[in-house]
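Asker: Below is the structure I would like to discuss, written out as structure tokens.
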Amino acid sequence: MSQTHKPRRQSVPAATILHRSAVPLFLFALVLLLFLLCAYLFLIPRLTTVEIGGEERSTRELRAYHDALLIDLSEKEHERDALVLPMGDTAYSRLVEEKHAEFPLLVLRSSLEQTVRQLFPADQNTIYLESIRYLPNEKSVELAGDVRHVGSRSMTVLAQLLEELRSLPFVSQITNPRFVREEDPAIGPHSPFTLRMLLQS
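Set out below in structure tokens:
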């Protein structure tokens, strides 16, 4: 009985395998590197760039822009507070106190109008001051005006104005006005008022 001999597989050396696969691996790595480089240079900046304020900014520039905006916002808030709340300045406070000691009519009117502006900075027409009458012999001021353009809240706004006027440093006493709400076809619901403030001597 004859024996059949199976052909033996020849083992391929590792160096030969490496030599044959080196070129494909190199080409693959080169193509991958070129693709990643193109994505980094062209695709990623397009996807991560946004337009703000008419300028295109990257993600890194956005953080710096955000920090700059916060600093600018803080500076603007300080400027606004200095304009809206000037009593925070000590020099201004001393000057106002000296002028209040004499109660000149112009300074008194300016203080009252400033109180109205601080109470409603967004709408200067909410509290309409019709007249301010200074009575030097009685050390008092008679204030006449009208609360309008706030609908049914006119009496509430009048009460807020009364509290703000009571907190003024040169006011010692205020007589409560009549709290009424009237209808007007031109301005709608409004609350006219006349009050007298006794000034500190």
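If you're matching positions, the sequence shown starts at 982 in the numbering used here and goes up one per residue.
The beta-carbon is built from N, C-alpha and C at its ideal position, and this holds for glycine as well.
(1) Out of Gln-1141, Leu-1014, Leu-1093 and Glu-1144, which has the shortest C-alpha to C-alpha gap to Ser-1112?
(2) Measuring CB to CB, does Val-1128 end up less than 8 Å from Leu-1110?
(3) Can you grab the Cα-Cα spacing for the pair Ser-1172 / Asn-1157, in whole Å?
(4) Closest to Glu-1119 by CA distance: which of Pro-1005, Phe-1016 and Gln-1154 is it?
(5) Which class does Ser-1091 belong to by DSSP, given the choice of helix, strand or coil?
(6) Taking all protein chains shown into account, decide if Ser-1121 is buried (16 or more other Cβ within 10 angstroms of its Cβ) or exposed.
(7) Based on DSSP bridge pairs, tell me the residues matched to Val-1122.
(8) In the DSSP assignment, find the unbroken beta strand (DSSP E) run with Arg-1038 in it and report its ends.
(9) So, with DSSP's three-state summary, where would you put Val-1031?
(10) In terms of alpha-carbon separation, which member of Asp-1053, Leu-1050, Leu-1146 and Asn-1106 lies closest to Arg-1090?
(11) So, at 6 Å on beta carbons, what are the nonlocal neighbours of Ala-1125 in its own chain, with the 5 sequence-adjacent residues on each side left out?
(12) Which residues mark the beginning and the end of the beta strand (DSSP E) in which Ser-1002 is found?
Answerer: Reading from the atomic positions:
(1) Position 131 of the sequence shown, counted from the start, is the residue given in the question as residue 1112. Closest by alpha carbon: Leu-1093.
(2) Position 147 of the sequence shown, counted from the first residue, corresponds to residue 1128. Position 129 of the sequence shown, counted from the first residue, corresponds to residue 1110. Their beta carbons are not under 8 Å apart, which means Val-1128 does not touch Leu-1110 by this criterion.
(3) Counting from 1 along the sequence shown, the entry for residue 1172 is found at position 191. Counting from 1 along the sequence shown, the entry for residue 1157 is found at position 176. Near 13 Å, if we compare the C-alpha coordinates of Asn-1157 and Ser-1172.
(4) Locating residue 1119 in the sequence shown gives position 138, counting from the first residue. The option with the nearest alpha carbon to Glu-1119 is Gln-1154.
(5) Counting from one through the sequence shown, the residue named residue 1091 turns up at place 110. Looking at Ser-1091 - three-state DSSP - the assignment turns out to be helix.
(6) Working through the sequence shown from its first residue, we reach residue 1121 at position 140. Ser-1121 is buried by the Cβ-count criterion.
(7) By one-based count along the sequence shown, residue 1122 stands at place 141. DSSP, once it has assigned bridges, lists Tyr-1115 and Met-1178 as partnering Val-1122.
(8) Mapped onto the sequence shown, residue 1038 falls at position 57. Residues 1036 to 1038.
(9) Mapped onto the sequence shown, residue 1031 falls at position 50. Here Val-1031 sits in strand by DSSP.
(10) Start at 1 with the first residue of the sequence shown, and residue 1090 comes out as number 109. Ranking the options by Cα distance to Arg-1090, first place goes to Leu-1146.
(11) For this step, residue 1125 is matched to residue 144 along the sequence shown. Glu-1111, Ser-1112 and Thr-1175, listed in sequence order.
(12) Along the sequence shown, read from residue 1 onward, the residue named residue 1002 stands at position 21. Run containing Ser-1002: none in the beta strand (DSSP E); it sits in the alpha helix (DSSP H), 995 to 1019.
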